[in-house]
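Chain order of the listed sequences is A and B.
Quick note: the first sequence uses our numbering, first residue 34, plus one each step.
Quick note: the second sequence uses our numbering, first residue 34, plus one each step.
Beta carbons are placed, not taken as given, at the ideal position from N, Cα and C, and that holds for glycine.
Please read the structure below before turning to the comments.
Number of protein chains: 2
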Amino acid sequence: MDATNRRSTCSTFTNMETINDILKRNDLSVTDSRKKILELFLKQNGALNHGVIEKSIGDDMDRVTIYRTLQVFVDKGIIHTIPTNDNSIRYALCKDHCEAGHHHDNHVHFVCDSCHITTCLDHVTIPEVVLPEGFKPKHAEMVVSGICKECE
Amino acid sequence: MDATNRRSTCSTFTNMETINDILKRNDLSVTDSRKKILELFLKQNGALNHGVIEKSIGDDMDRVTIYRTLQVFVDKGIIHTIPTNDNSIRYALCKDHCEAGHHHDNHVHFVCDSCHITTCLDHVTIPEVVLPEGFKPKHAEMVVSGICKECE
DNA sequence: GTAACTGCAAAATATTTGCATCCTT
DNA sequence: AAGGATGCAAATATTTTGCAGTTAC
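Next comes the structure, spelled out in structure tokens:
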């Protein structure tokens with residue numbers, strides 16, 4: 034429902050070879066739907082939610098297929114969910130060792146108040162915090178909002 | 034849909050006087066619905082989502098009223114939303130100067146993997162992070178998950 | 001050829017809106 | 001008494017499920 038879109042920061046491995054590789058590496062059969070959605074994530078480094086994906090892909094694909102494909106990708110650790118304040122799940126590519134299963138997406142996400150684009154700040158690591166006695170941390174998420182590089 | 038429930042940490046101002054005060058301070062008329070929902074938040078320090086509130090209150094109140102009441106509370110700065118990975122908005126009381134309008138909810142939230150209760154770690158402040166050139170931070174959210182004090 | 005994937009239909013769930021009625025001030 | 005708040009009905013949006021047809025390997 035909002036413009037959660039593109040931001041190119043990193044690698045430029047948007048070729049079919051890599052897409053196929055990623056799918057095969059995760060024991061997934063290579064289908065058009067999966068290739069298209071994965072390509073979207075590779076092209077638009079940053080976060081996407083269901084609505085944006087649906088808009089980008091258009092009527093070529095059933096809405097249900099998008100739901101199921103995203104679920105499969107999350108299960109395989111190809112993408113991960115980013116916490117949001119509104120109730121729209123945002124997904125982003127897992128970097129690093131993520132394909133292995135458990136992902137190491139311990140980087141900060143930035144949401145721009147102006148353009149609403151979510152950017153993965155791959156090189157900003159989430160700092161450790163000291164919790165009260167008795168709390169055992171396993172995972173942390175951090176979302177910073179403000180004005181991004183492009184909108185300043 | 035999940036058990037996002039109670040956790041008492043702080044103040045014990047769960048008396049009707051305070052509830053009325055909060056509503057009046059925010060130019061809201063004092064109604065049963067608002068008193069009940071606000072009481073819930075005061076009693077159960079921690080986060081609540083729509084489903085939990087609906088369950089706690091039962092059939093005394095229309096579902097629509099809960100939606101509208103929560104929206105009003107957010108607008109007035111009485112409660113704020115907590116980012117989540119699933120698509121359920123969680124709400125928590127604003128502490129400190131929050132009633133003023135802009136809230137200072139710069140504390141860490143903890144979600145227990147075992148009991149699914151969200152706790153406001155009021156005394157754990159979100160650390161500052163250094164962002165890449167050009168990013169202007171305005172606000173930060175941090176959610177840590179793991180095992181909480183009660184479940185360890 | 002077989003298992004897995006997809007599209008379609010439909011169910012289940014969640015959220016929003018309009019309006020008449022009731023309650024707070 | 002007047003304006004806002006609530007309940008009800010219904011519209012809209014979102015997500016899930018079942019099943020039959022199709023595709024990847």
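Taking its Cβ as the centre, do 16 or more other Cβ atoms sit within 10 Å of residue i, making it buried, or is it exposed?
i: serine 147 of chain B; result: exposed
i: glutamine 104 of chain B; result: exposed
i: threonine 158 of chain B; result: exposed
i: glycine 91 of chain B; result: exposed
i: arginine 273 of chain B; result: Residue 273 of chain B falls outside the range modelled here, since chain B spans only 34 to 185, and no answer is possible.
i: glycine 79 of chain B; result: buried
i: arginine 96 of chain A; result: exposed
i: glutamate 166 of chain B; result: exposed
i: glutamate 174 of chain A; result: buried
DSSP has residue i in a bridge; who is on the other side?
i: arginine 96 of chain B; result: Answer is none; arginine 96 of chain B lacks a bridge partner.
i: proline 170 of chain A; result: B:Gly179
i: cysteine 127 of chain A; result: Beta-bridge pairing links cysteine 127 of chain A to no other residue.
Among residues of its own chain, excluding the 5 on either side of residue i, which ones have a beta-carbon nearer than 8 Å to its beta-carbon?
i: leucine 164 of chain A; result: Pro170
i: aspartate 93 of chain A; result: Lys69
i: valine 107 of chain B; result: His113, Thr114 and Tyr124
i: leucine 61 of chain A; result: Arg67, Val105 and Lys109
i: threonine 51 of chain B; result: Leu75
i: asparagine 53 of chain A; result: Val63 and Lys68
i: isoleucine 180 of chain A; result: Cys145, Asp146 and Ser147
i: cysteine 184 of chain B; result: Cys145, Ser147 and Cys148
i: phenylalanine 168 of chain A; result: none
Please state whether DSSP places residue i in a helix, a strand or coil.
i: threonine 30 of chain A; result: Past the boundaries of the shown model lies residue 30 of chain A; chain A is included only from 34 to 185, so the question cannot be answered.
i: asparagine 59 of chain A; result: coil
i: isoleucine 70 of chain B; result: helix
i: threonine 155 of chain B; result: Note that residue 155 of chain B is aspartate in the sequence shown, not threonine. If DSSP states are grouped into helix, strand and coil, aspartate 155 of chain B belongs with the strands.
i: histidine 203 of chain A; result: No answer is possible for residue 203 of chain A: it lies beyond the span of chain A, which begins at 34 and ends at 185.
i: asparagine 82 of chain B; result: strand
i: phenylalanine 143 of chain B; result: strand
i: glutamate 185 of chain B; result: coil
i: leucine 75 of chain A; result: helix
i: threonine 64 of chain A; result: coil
i: valine 162 of chain A; result: coil
i: aspartate 119 of chain A; result: coil
i: alanine 133 of chain B; result: Reliability fails at alanine 133 of chain B, whose pLDDT of 40 lies under 50, so the model's placement of it is uncertain and no value is given.
Excluding the five sequence neighbours on either side, which residues of its own chain have a C-beta within less than 7 Å of the C-beta of residue i, listed in chain order?
i: valine 259 of chain A; result: Lying before the first or after the last residue shown, residue 259 of chain A is absent from chain A, which here runs from 34 to 185.
i: serine 89 of chain A; result: Leu73
i: glycine 134 of chain A; result: Low confidence applies here, because glycine 134 of chain A scores a pLDDT of 41, under 50, leaving its location unreliable and the question unanswered by this model.
i: glutamate 87 of chain B; result: Arg96 and Ile99
i: valine 162 of chain A; result: none
Might you give, ordered along the chain, the residues of its own chain that have their beta carbon closer than 6 Å to the beta carbon of residue i, omitting 5 neighbours on each side?
i: threonine 11 of chain B; result: The question about residue 11 of chain B has no answer, for chain B in this structure spans 34 to 185.
i: lysine 121 of chain B; result: Reading the sequence as shown, one finds serine at residue 121 of chain B and not lysine. If we look at serine 121 of chain B and ignore the five residues flanking it on each side, its Cβ neighbours are Asn82.
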